[in-house]
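To start, the structure itself, in structure tokens.
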Amino acid sequence: MKKFEVYKNIRKRAVIFGLPLSLFAVMMISIIASLLIIIFSFSFGVIISVMVFNAVLYVALIRIINNPQIFQLTRIFPKSISNKRNSGLDYEHD
Numbered sequence: 065m066k067k068f069e070v071y072k073n074i075r076k077r078a079v080i081f082g083l084p085l086s087l088f089a090v091m092m093i094s095i096i097a098s099l100l101i102i103i104f105s106f107s108f109g110v111i112i113s114v115m116v117f118n119a120v121l122y123v124a125l126i127r128i129i130n131n132p133q134i135f136q137l138t139r140i141f142p143k144s145i146s147n148k149r150n151s152g153l154d155y156e157h158d
């Protein structure tokens, strides 16, 4: 008989419309704000621009999820890990 392990961290990998929960919340806030803009504006151009903005935001969030290295500007780990006190002098040549 098979034994199945209980998966307790299901919220870490939960996805709605291809977005994790935090980015899905950003998308929903954007949609609610755009609905308020649509309700209080009477311009057809504003309505179209808000719809285009939401579509572009959704595509951008999907691309961020598929390629998370886009916003990684610094290294995660240093070049070397040591307990020695750093003197600031580098004797190695590249």
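Numbering (the working numbering), first residue to last: 65 to 158. Beta carbons are placed, not taken as given, at the ideal position from N, Cα and C, and that holds for glycine.
Inter-residue CB distance, residue i and residue j (contact presumed, cutoff 8 Å)
i: Ser-98; j: Val-114; result: 4 Å
i: Val-110; j: Ile-101; result: 7 Å
i: Ile-129; j: Pro-84; result: 7 Å
Best match in the options for proximity to residue i [C-alpha to C-alpha]
i: Asn-118; options: Ser-144, Gln-133, Phe-141 and Val-90; result: Val-90
i: Phe-88; options: Ser-151, Met-65, Ala-124 and Phe-68; result: Ala-124
i: Gly-82; options: Val-70, Tyr-122, Ile-103 and Gln-133; result: Tyr-122
Cutoff 8 Å; reference residue i; Cβ partners in own chain excluding five residues on either side
i: Val-70; result: none
Extract the residue ranges of the alpha helix (DSSP H) inside the stretch 72–136, only unbroken runs of 4 or more that lie entirely within it.
85–104 and 108–130
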